[in-house]
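S.K.: Residue numbers (the UniProt record's numbering): 1 to 620. The C-beta atom is built at its ideal place from N, Cα and C for all residues, glycine as well.
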């Protein structure tokens, strides 16, 4: 494949330092160099040499075209830099060469090496940054430090198969005790209809199995009990099949429990929420996926999971977009913790939120709707128990929805409607369904199996938080309670779908339901809080009303958390004015996930509603 070689004027040596067999540092940037060789021809170099691969469709490469191409590389890709101009590998038709002006341009760059290759379109390398070694050409991956402590491990596809992953055995060396995550060049991938996620860098909550990787479930005991997975969860395999690159597994609370503060995370350290003073709670079990989305521009999307709120809490608290999917909508939704578990994804902008979601639901049978509901339900009880300044951005977003949909909201009261229509007399909706979630969820089968496996292997019992899947003394719920929970859940679905979220042939859902995120009471919720309700915590629903986060859980329907603004507070940490994110929750009927994703995108493009958020301290 290699053709003519032209050695140009020697350049001053780049400060290339090989830290380990797979890590190269150039100036202040570290790169991972995989063992896999893309071009199996040796280069006469002592150390890995950064090199640019460029493909031309014409025999003669002009200076103008080359300048434009390199500028495009820099604009599109965070892995590529001018350091890769130290050598060139030109691909093109037979006899491809540099025009005289391009030869002068390249000569002035003083590259170490220039090679030409006759390559057809089907066997050409993707353009972009590589490293030349005595073994051949290797793709360049950039190493980023996980300063928000969001990942439990970094991963790369194995040389054997893109469907098999292995832990990343490389570190930038920049920060002691911090994981480095490797990301591939964006130039290597071109999204297609078949692979719309080609090159998407994705973090996955560490309760999904990925072939070749350990699954920890947030437990050191679980991680050492079982070997790496030998197959990938269906929802994740679906993403890989569409081109997604899994760059690592993100942290979760112990067995995906409702553990929010630093003192509650016993086995792995609580991730850092980079918003505001960086000492706010990042959410519960999907905290790693939510916090990383808020922290890293180099990360495109993350996968989480929601049982009772674990997509919506991290979305709202970290100020990113997130969705709790419809039950059974995403192909083997994941986990071992019960029938309420559903997959979800995080994003920073409405476009990737929509594109990634469309890919995630591929094969689910969900229909894509471009017409939207003409009724907005506004349950007033969820707007009253939180700080007024916190509800203001949500109120503005609702007004934009009203204008866009051409309707006025309908104010409703869930408990009053329940008392009037349920046939259960004066029994409130909260009292009637107070045990339904517990009876249905019943995850003790999993915990008992794990505890038995651990005891057989180590002769003792593992650490189990009573807030997760039961302590070592907890017994399974009775079959009678499980049956009662199932019956009550079906009753709730029948009632809620009749009075709140009925289906529609044209708009999928007859209505949408809107209310502010109630998870922190609209006030700061510090990570060093000693109880869930200290300095904020859960904003309690008024007496007689179900907690806001249970509505979509019991109904099995999708719910979005949309970042709509920020509110100020004086931080006890930084002692200056900070801003915490504000989120609005939007529900629709079962199976209307894609309609909701389309709605928030179209609203953003037709009004000044949130289109995207930034990473770091502030959303905007």
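Using the Cβ count rule (16 or more neighbours within 10 Å means buried), how would you classify residue 588?
M.R.: For this step, residue 588 is matched to residue 588 along the chain shown. When all chains shown are included, residue 588 counts as buried.
S.K.: Cutting at 6 Å between CB atoms, please list the residues of its own chain near residue 170, excluding the five before and the five after it.
M.R.: Taking the first residue of the chain shown as position 1, residue 170 is located at position 170. For residue 170, where only same-chain residues beyond five positions count, the Cβ hits under 6 Å are 22, 23 and 32.
S.K.: With DSSP as the reference, please indicate the residues paired to residue 165 in a beta bridge.
M.R.: For the purposes of this step, residue 165 is taken as residue 165 along the chain shown, with counting starting at 1. DSSP, once it has assigned bridges, lists 157 as partnering residue 165.
S.K.: Determine the closest residue to residue 241 out of 601, 70 and 232, with distance taken between C-alpha atoms.
M.R.: In the chain shown, the residue the question calls residue 241 occupies position 241. That would be 232, whose Cα lies nearest to the Cα of residue 241.
S.K.: Am I right that residue 183 and residue 144 are in contact with their C-beta atoms under 8 Å? What's the rounded C-beta distance?
M.R.: Here the question's residue 183 lines up with position 183 in the chain shown. Here the question's residue 144 lines up with position 144 in the chain shown. Confirmed, about 7 Å.
S.K.: So, under 8 Å CB-CB, residue 219 and residue 255 are touching, yes? Tell me the CB distance rounded to an integer number of Å.
M.R.: Looking up residue 219 in the chain shown gives position 219. Looking up residue 255 in the chain shown gives position 255. So it is a contact: roughly 6 Å between Cβ atoms.
S.K.: Among the residues of its own chain, which have a CB less than 6 Å from the CB of residue 91, if the five just before and after it don't count?
M.R.: By one-based count along the chain shown, residue 91 stands at place 91. Correct list, in chain order: 55, 117, 119 and 124.
S.K.: Per DSSP, residue 132 forms a beta bridge with which residues?
M.R.: The sequence position of residue 132 within the chain shown is 132, counting from 1. Paired residues: 49 and 137.
S.K.: Measure how close the beta-carbons of residue 288 and residue 252 come, nearest whole angstrom, since I'm counting them as under 8 Å.
M.R.: Taking the chain shown and counting its residues from 1, the one referred to as residue 288 is at position 288. Taking the chain shown and counting its residues from 1, the one referred to as residue 252 is at position 252. So it is a contact: roughly 6 Å between Cβ atoms.
S.K.: For residue 570, is the classification buried or exposed, using 16 other Cβ atoms within 10 angstroms of its Cβ as the cut-off for buried?
M.R.: Stepping through the chain shown from its first residue, residue 570 is reached at position 570. Sixteen is the threshold: since fewer than 16 other Cβ atoms of the shown chains lie within 10 Å of the Cβ of residue 570, the residue is exposed.
S.K.: Sorted by chain position, which residues of the same chain lie with C-beta nearer than 8 Å to residue 262's C-beta, five sequence neighbours on each side aside?
M.R.: Position 262 of the chain shown, counting from 1, holds the residue named residue 262. The residues are 269, 270, 527 and 528.
S.K.: Which parts of the stretch 530-618 are runs of the alpha helix (DSSP H), unbroken and 4 residues or longer, counting only runs that do not cross its ends?
M.R.: 551-555 and 593-606
S.K.: Does DSSP put residue 282 in a helix, a strand or coil?
M.R.: Counted from its first residue, the chain shown places residue 282 at position 282. Three-state result, residue 282: coil.
S.K.: With a cut-off of 8 Å on the beta carbons, I'd call residue 585 and residue 560 a contact; round off their distance for me.
M.R.: To locate residue 585, count along the chain shown from 1; it is residue 585. To locate residue 560, count along the chain shown from 1; it is residue 560. Rounded, the Cβ-Cβ distance is 7 Å, consistent with contact.
S.K.: Between the C-alpha atoms of residue 209 and residue 413, what's the straight-line distance to the nearest angstrom?
M.R.: As a first step, residue 209 must be located in the chain shown, where it is residue number 209. As a first step, residue 413 must be located in the chain shown, where it is residue number 413. Roughly 42 Å between the two C-alpha positions.
S.K.: For residue 98 and residue 136, I'd like the C-alpha separation in whole angstroms.
M.R.: Translated into the one-based positions of the chain shown, residue 98 becomes position 98. Translated into the one-based positions of the chain shown, residue 136 becomes position 136. Cα to Cα, residue 98 sits roughly 23 Å from residue 136.
S.K.: Along the chain, where does the alpha helix (DSSP H) that runs through residue 259 open and close?
M.R.: The count along the chain shown starts at 1 and reaches residue 259 at position 259. Element bounds for residue 259: n/a, residue is neither H nor E.
S.K.: Could you check whether residue 410 and residue 376 sit closer than 8 Å to each other, using their CB atoms as the reference points?
M.R.: Within the chain shown, numbered from 1, the residue matching residue 376 stands at position 376. Within the chain shown, numbered from 1, the residue matching residue 410 stands at position 410. Contact flag set, yes.
S.K.: With a cut-off of 8 Å, does the C-beta of residue 327 fall near any C-beta of chain B?
M.R.: No chain B is part of this structure, which consists of one protein chain only.
S.K.: For my contact list, residue 593 and residue 558 are in at a C-beta cut-off of 8 Å; report their separation, rounded to the angstrom.
M.R.: Taking the chain shown and counting its residues from 1, one reaches residue 593 at position 593. Taking the chain shown and counting its residues from 1, one reaches residue 558 at position 558. Rounded, the Cβ-Cβ distance is 4 Å, consistent with contact.
S.K.: Of all the alpha helix (DSSP H) runs that stay within the bounds of the stretch 184-253, which reach a length of 4 or more residues?
M.R.: 220-225 and 234-241
S.K.: Can you list, in chain order, the residues of its chain with a C-beta nearer than 7 Å to that of residue 42? Leave out the 5 residues immediately preceding and following it.
M.R.: Stepping through the chain shown from its first residue, residue 42 is reached at position 42. Within the same chain, and ignoring the five residues on either side of residue 42 in sequence, the residues whose Cβ sits closer than 7 Å to its Cβ are 134, 135 and 136.
S.K.: Excluding the 5 residues preceding and the 5 following residue 599 in the sequence, name in chain order all residues of the same chain whose CB lies nearer than 7 Å to its CB.
M.R.: As a position in the chain shown, residue 599 is number 599, starting the count at 1. Answer for residue 599: 372, listed in chain order.
S.K.: At which residues does the alpha helix (DSSP H) containing residue 314 begin and terminate?
M.R.: The sequence position of residue 314 within the chain shown is 314, counting from 1. Unbroken alpha helix (DSSP H) run through residue 314: 312-318.
S.K.: Check each candidate in 78, 549 and 608 and name the one with the smallest Cα separation from residue 297.
M.R.: Within the chain shown, numbered from 1, the residue matching residue 297 stands at position 297. Among 78, 549 and 608, the Cα nearest to that of residue 297 belongs to 78.
S.K.: Does the separation of the CB atoms of residue 439 and residue 481 fall below 8 Å?
M.R.: As a working note, residue 439 is residue 439 in the chain shown. As a working note, residue 481 is residue 481 in the chain shown. The answer is yes: Cβ separation under 8 Å.
S.K.: Starting from residue 621 and walking both ways along the beta strand (DSSP E), at which residues does that stretch end?
M.R.: Nothing about residue 621 can be read from this structure; the chain reaches only from 1 to 620.
S.K.: Are the beta-carbon atoms belonging to residue 319 and residue 613 less than 8 Å from one another?
M.R.: Here residue 319 corresponds to residue number 319 of the chain shown, with the count starting at 1. Here residue 613 corresponds to residue number 613 of the chain shown, with the count starting at 1. Yes; because the gap between Cβ atoms is below 8 Å, this pair is in contact.
S.K.: Check the DSSP bridge columns for residue 305 and list the partner residues they point to.
M.R.: Position 305 of the chain shown, counting from 1, holds the residue named residue 305. Per DSSP, 343.
S.K.: Following the continuous alpha helix (DSSP H) through residue 122, name the residue where it begins and the one where it ends.
M.R.: The count along the chain shown starts at 1 and reaches residue 122 at position 122. Annotation: residue 122 is outside any alpha helix (DSSP H) and is labelled neither H nor E by DSSP.
S.K.: Reducing DSSP to helix, strand and coil, say where residue 516 ends up.
M.R.: Taking the first residue of the chain shown as 1, we reach residue 516 at position 516. It is a strand residue.
S.K.: Would you kindly check if the distance between the Cβ of residue 555 and the Cβ of residue 493 is under 8 Å?
M.R.: The count along the chain shown starts at 1 and reaches residue 493 at position 493. The count along the chain shown starts at 1 and reaches residue 555 at position 555. Contact check for residue 493 against residue 555 passes: the beta carbons are separated by less than 8 Å.
S.K.: Alpha carbon to alpha carbon, how far is residue 112 from residue 454?
M.R.: Indexing the chain shown from 1 puts residue 112 at position 112. Indexing the chain shown from 1 puts residue 454 at position 454. Cα-Cα distance, rounded: 57 Å.
S.K.: I'd like to confirm the pairing. Which residues does DSSP put opposite residue 60 in its beta bridges?
M.R.: In the chain shown, residue 60 corresponds to position 60, counting from 1. In DSSP, residue 60 forms a bridge with 97.
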